[in-house]
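There are 2 protein chains.
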Amino acid sequence: MSDFPKQLLESPSGFPDFSPEESIVLEKMLAVIRAHFARAGYSPLETPLVERPEVLTAKAEGEITTQIYGLRLLNPVEGASDEKGLALRYDHTIPLARYVATHARELAFPYRRYAIGKVLRGERAKDGRYREFIQADIDVVGDTELSPLHDAEMVAVIADIFSTFNIGPFTVRINNRKVLAALLRSNGVTDEQVPIAMRAIDRLEKVGREKTLQALIDIGIAEAAAHELLESVSMQRAPDETLGFLKSAQLDAEGERGIAELAKVLEGIRALGVNEERYTIDLSIARGLDYYTGTVYETRLDEHSDLGSIASGGRYEDLAASFTNQKYPGVGISIGVTRLLLRLIKVGLIEATASTIAPVLVTTAEPTAMDVYLQYAATLRAANIACEIYLADKALDKQLHFADRKGFSLALIAKQEQLSAHTVMVRNLKTGEQQEVPVDALIVMVKKSLA
Amino acid sequence: MSDFPKQLLESPSGFPDFSPEESIVLEKMLAVIRAHFARAGYSPLETPLVERPEVLTAKAEGEITTQIYGLRLLNPVEGASDEKGLALRYDHTIPLARYVATHARELAFPYRRYAIGKVLRGERAKDGRYREFIQADIDVVGDTELSPLHDAEMVAVIADIFSTFNIGPFTVRINNRKVLAALLRSNGVTDEQVPIAMRAIDRLEKVGREKTLQALIDIGIAEAAAHELLESVSMQRAPDETLGFLKSAQLDAEGERGIAELAKVLEGIRALGVNEERYTIDLSIARGLDYYTGTVYETRLDEHSDLGSIASGGRYEDLAASFTNQKYPGVGISIGVTRLLLRLIKVGLIEATASTIAPVLVTTAEPTAMDVYLQYAATLRAANIACEIYLADKALDKQLHFADRKGFSLALIAKQEQLSAHTVMVRNLKTGEQQEVPVDALIVMVKKSLA
């Protein structure tokens, strides 16, 4: 008798199980992401989940430093492997930086890579955040320099992916931190105040105008300047108008460089034919992390902006600065797949109802004809039609109930009468319609029914 | 200046980085596995890397108990999440057992699932084993009972996958532990000696005939009986002859049940049309783990048997016995992807030479025509042709060198002359041949060249 405590059987808080239905949707989402990353010329780089603590802490900043998981052996024995030097990655960027620093000579630059996989963070339980989640990242790393057109390509990739998901309208919001910093300086914000003010503006959408204004004033910015700043960064304009406004704002040299980068990014996005409704310049986007030095991105669903950003990233001047003196500028963007998918399911934008990835169930009405049914299944599979065959000894109505419950599209049925006539009934489980076809015509008929 | 110690930049021992070339081959291998799993009606189940220690240790046996990694926070702060109850999975079977025990009411049985992902084991460093590796598993779980035809289907799936990999001839070796145990008993081995004798026989291929004979004698088995046993389990026969031999061996009732299961598995494999050269009955296969109770599998490359088994598994009477009193028999098989892939590359059975997953490079000979080149790239991608566009400011010959180095198949070239004529040179980088085509015909031409 098992007396295992039931409460220990639920996965630990922050480490979600995906149900079979959710797992299928996840797999489909990952397949779309993988295909689009590859299509745009990003190739996979598979680094381990485990990194050395020294590597993970070398460039960590802020709360993340207290969230890194190290490993320990639960029951170490003498001569056991040393696990003190082992910890779990919390993003895909540090492993990339380490890999580039170590293997630069084997890489051809610009180096485009994607990484799709789990990362882990010991977030506080009370925040209800995931501690293990799937991130899907693309990055491009240059040797010494890297064209802003790479920043443009990422917008096209993200727009392609979210259009394919078919989850309603969305907008990639683009900004440039050089521009925002110069805009702050032109309003009298000092160099020391700039990073703090940027973080305050970054929270504008979350906390609202009043609180942001107060935050800016608290930093020591004059009230009038704070007002004007908020006015400037929250105006809704077409990209060209925003560029026009910036050009007329008489920013300093760094600001001008930022404007030129932003203009180049926009030019690239247009050349790539991205739908104009899918992107905008949003001068209030700053991204919290100070290592972004140019372009920054966020992406929101227009009708579900409470979801927060579903794809974020930006440009960093020096990817591997902690590890090497060679300069590798980069740009990257990341989709937080776990959070996105589970929220999309929750708000009903994605359906997770089928618990079979295969569309066809081969039923087995006559237990003595198992060989024939197995042949049917093998024939379908050889024709690249995914199918399950029902192998438990149950009556046909039970099998059809199983088919409905799992969400198959088609059931193939062959009772004695069909077996004798070398035919199969192809039943559409959504409509209830069925059709008897000769075995020779089975593949054609099934493909047609699934099309 | 970075003075980060170089030796800390290599990934820790047992946690391999895949190079870009290896990562691409890995991705292709995983895509094949995923597709074949799905085709045979197995659906994904995504459970976390992190499980509770109590769950992981509930049914662990042998050396694995000392290899389980627990988590700890590197720099805990007050109010930090409690990580004492967190550990890392070492296989996909325990998470499946936990999930089934917890969510049985939501599942339709027989429940087919696949799991592809990392598992971690604190193996001793001196064994040179991987501590983090990718396992690709399929399992079917029944409610109370489960047909042996499920065992047969797994052989077909494995045979399909390894045939697709195109890595030379291989053999799935099938046995049944009930049969082997009865064969031992019929040679005078006592019930207590059976599990130890099975483990000795399981090592036959590894340690050779003499040592196995001695091991059996050391257990207390009479020399003549030990001789006869080894004779019986190592004879090379066609499956039907082996079945004939077993039927004539007058085994006990459990042995007869095992023979009936084995016969049913063989029948299923034949009905599924698996090539007869790809499987055999091998009575010496036992698998170390005592929880296998019926069918057991191993798979070897005929010409590289030193690689060991590349896909192993078997039938267990009661998957979730540690967690629930409800009986869930199951059968599963697992491909050790990391070990397999890295060995196949090492022995030259798989090539890992290209560092681009996209076959086409759009070159950018004229810096003033970037918009045009970006349009070409977008057009290719919209036609589902994966391509990279070269965005660094380098001369064309440097770009073509980059293309060669990364292993692109085709380069698209448009100098001023082609730009004016609205044509593109399509250069085959393997043969050096090139052809100038009108822009309108570009997609057709590229698709043809890649076919």
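Listed in order, the protein sequences are those of chains A and B.
Start counting the first sequence at -18; every next residue gets the next number (the numbering used here).
Start counting the second sequence at -18; every next residue gets the next number (the numbering used here).
Just so you know, even glycine gets a beta-carbon here, dropped at the ideal spot from N, CA and C.
Host alpha helix (DSSP H) of leucine 431 of chain A (start-end): Where leucine 431 of chain A is concerned, the enclosing alpha helix (DSSP H) stretches over 423 to 431.
Under 7 Å by beta carbon: chain B residues contacting methionine 135 of chain A: None at all; the shortest Cβ gap to chain B is about 12 Å.
Below-8 Å beta-carbon distance, arginine 158 of chain B vs any chain A residue: The C-beta of arginine 158 of chain B comes no closer than 8 Å to any C-beta of chain A.
Buried or exposed (CB count within 10 angstroms, at least 16 for buried), aspartate 221 of chain B: Exposed is the label assigned to aspartate 221 of chain B, since fewer than 16 other Cβ atoms lie within 10 Å of its Cβ.
C-beta neighbour in chain A for glutamate 42 of chain B, strict 8 Å: Chain A, which has no Cβ nearer than 8 Å to the Cβ of glutamate 42 of chain B, makes this no.
Rounded separation between threonine 223 of chain B and tyrosine 71 of chain A - CA only: Within the model, the alpha-carbon separation for threonine 223 of chain B versus tyrosine 71 of chain A is close to 54 Å.
Same chain, Cβ closer than 7 Å to alanine 178 of chain B, five either side skipped, listed in chain order: So the list reads Leu165, Val170, Leu197, Ile200 and Ile202, once near-sequence residues are dropped.
Contacting positions in the segment -5 to 7 of chain A - beta carbon closer than 8 Å to chain B: Going along the segment -5 to 7 of chain A in chain order, one finds Gly(-5), Phe(-4), Pro(-3), Asp(-2), Phe(-1), Ser0, Pro1, Glu3, Ser4, Ile5 and Leu7 with a Cβ nearer than 8 Å to chain B.
CB of valine 255 of chain B within 8 Å of CB of histidine 285 of chain B, strictly: Going by beta carbons, valine 255 of chain B and histidine 285 of chain B fall outside the 8 Å limit.
Same chain, Cβ closer than 6 Å to leucine 423 of chain A, five either side skipped, listed in chain order: Setting aside the 5 residues that flank it on each side, leucine 423 of chain A is surrounded in the same chain by Val405, each with a C-beta closer than 6 Å to its C-beta; the list follows chain order.
Helix, strand or coil at tyrosine 272 of chain B [DSSP, three-state]: If DSSP states are grouped into helix, strand and coil, tyrosine 272 of chain B belongs with coil.
Min CB distance methionine 351 of chain A to chain B below 8 Å: Look at methionine 351 of chain A: its C-beta is under 8 Å from a C-beta on chain B.
Below-8 Å beta-carbon distance, tyrosine 50 of chain B vs any chain A residue: It does: the Cβ of tyrosine 50 of chain B has a partner Cβ on chain A nearer than 8 Å.
Helix, strand or coil at glutamine 217 of chain B according to DSSP, with G and I counted as helix: In the three-state reduction of the DSSP assignment, glutamine 217 of chain B falls in the coil class, being assigned neither a helical nor a strand state.
Secondary structure of aspartate 120 of chain B, DSSP reduced to three states: Here aspartate 120 of chain B sits in strand by DSSP.
Which residues DSSP lists as bridging glycine -5 of chain B, in chain order: The partner list for glycine -5 of chain B (beta bridge, DSSP) is empty, contrary to what the question assumes.
Chain-ordered neighbours of threonine 337 of chain B on chain A, where CB pairs are closer than 8 Å: By Cβ distance, chain A contributes Gly22 and Ser24.
Close-in-space but distant-in-sequence residues of the same chain around leucine 253 of chain A (CB under 6 Å, 5 per side omitted): For leucine 253 of chain A, where only same-chain residues beyond five positions count, the Cβ hits under 6 Å are Ala137.
Reference leucine 247 of chain A; option with closest CA among A/Ala205, A/Arg154 and A/Gln174: Leucine 247 of chain A has its Cα closest to that of A/Arg154, out of A/Ala205, A/Arg154 and A/Gln174.
Between the CA atoms of alanine 234 of chain B and threonine 261 of chain B - distance to the nearest angstrom: Rounded to the nearest angstrom, the two C-alpha atoms are 24 Å apart.
Phenylalanine 389 of chain B and threonine 337 of chain B closer than 8 Å at C-beta: In contact: phenylalanine 389 of chain B and threonine 337 of chain B (Cβ atoms closer than 8 Å).
Counted within 10 angstroms of its Cβ, other Cβ atoms place arginine 20 of chain A as buried (16 or more) or exposed: Burial state of arginine 20 of chain A is buried, judged by a 10 Å Cβ sphere holding 16 or more other Cβ atoms.
Within the segment 250 to 299 of chain A, ranges of the alpha helix (DSSP H) (whole runs, at least 4 residues): As for any alpha helix (DSSP H) of minimum length 4 sitting wholly inside the segment 250 to 299 of chain A, there is none.
Buried or exposed (CB count within 10 angstroms, at least 16 for buried), valine 418 of chain A: By the neighbour-count rule (16 or more Cβ atoms within 10 Å), valine 418 of chain A is buried.
Nearest-angstrom beta carbon gap, isoleucine 139 of chain B and isoleucine 314 of chain B [assumed within contact, 8 Å]: Rounded, the Cβ-Cβ distance is 6 Å, consistent with contact.
C-beta contact flag for phenylalanine -4 of chain A and glutamate 113 of chain A at 8 Å: Yes, they are a contact pair.
Sequence-distant residues of its chain with Cβ nearer than 6 Å to phenylalanine 143 of chain B (five each side left out): Excluding sequence neighbours, phenylalanine 143 of chain B sits near Phe151.
Phenylalanine 90 of chain A - DSSP class collapsed to helix/strand/coil: Judged by DSSP in its simplified three-state form, phenylalanine 90 of chain A adopts coil rather than helix or strand.
Backbone CA spacing between alanine 230 of chain A and arginine 362 of chain B [nearest angstrom]: If you take the alpha carbons of alanine 230 of chain A and arginine 362 of chain B, they lie about 38 Å apart.
Boundaries (first-last residue) of the beta strand (DSSP E) holding glutamine 415 of chain B: For glutamine 415 of chain B, the uninterrupted beta strand (DSSP E) run begins and ends at 415 to 419, by DSSP.
Cβ neighbours of leucine 67 of chain B in the same chain (closer than 6 Å, five flanking residues each side left out): In the same chain as leucine 67 of chain B, and ignoring 5 residues on each side of it, the C-beta atoms closer than 6 Å to its own belong to Val31 and Leu52, in chain order.
Terminal residues of the beta strand (DSSP E) in which glutamate 42 of chain B lies: Careful: glutamate 42 of chain B lies outside any beta strand (DSSP E) and carries neither H nor E.
Boundaries (first-last residue) of the beta strand (DSSP E) holding arginine 102 of chain A: No beta strand (DSSP E) holds arginine 102 of chain A; DSSP gives it neither H nor E.
Collapsed DSSP secondary structure at leucine 194 of chain A in the structure displayed: DSSP places leucine 194 of chain A in helix when its eight states are reduced to three.
Euclidean distance between Cα positions of alanine 376 of chain A and arginine 33 of chain B: As the crow flies, the alpha-carbon of alanine 376 of chain A is around 40 Å from that of arginine 33 of chain B.
Alpha helix (DSSP H) runs contained entirely in the segment 132 to 216 of chain A, provided each spans 4 or more residues: Along the length of the segment 132 to 216 of chain A, whole alpha helix (DSSP H) runs at least 4 residues long occupy 158 to 167, 174 to 183, 185 to 188, 190 to 200 and 204 to 215, reported in chain order.
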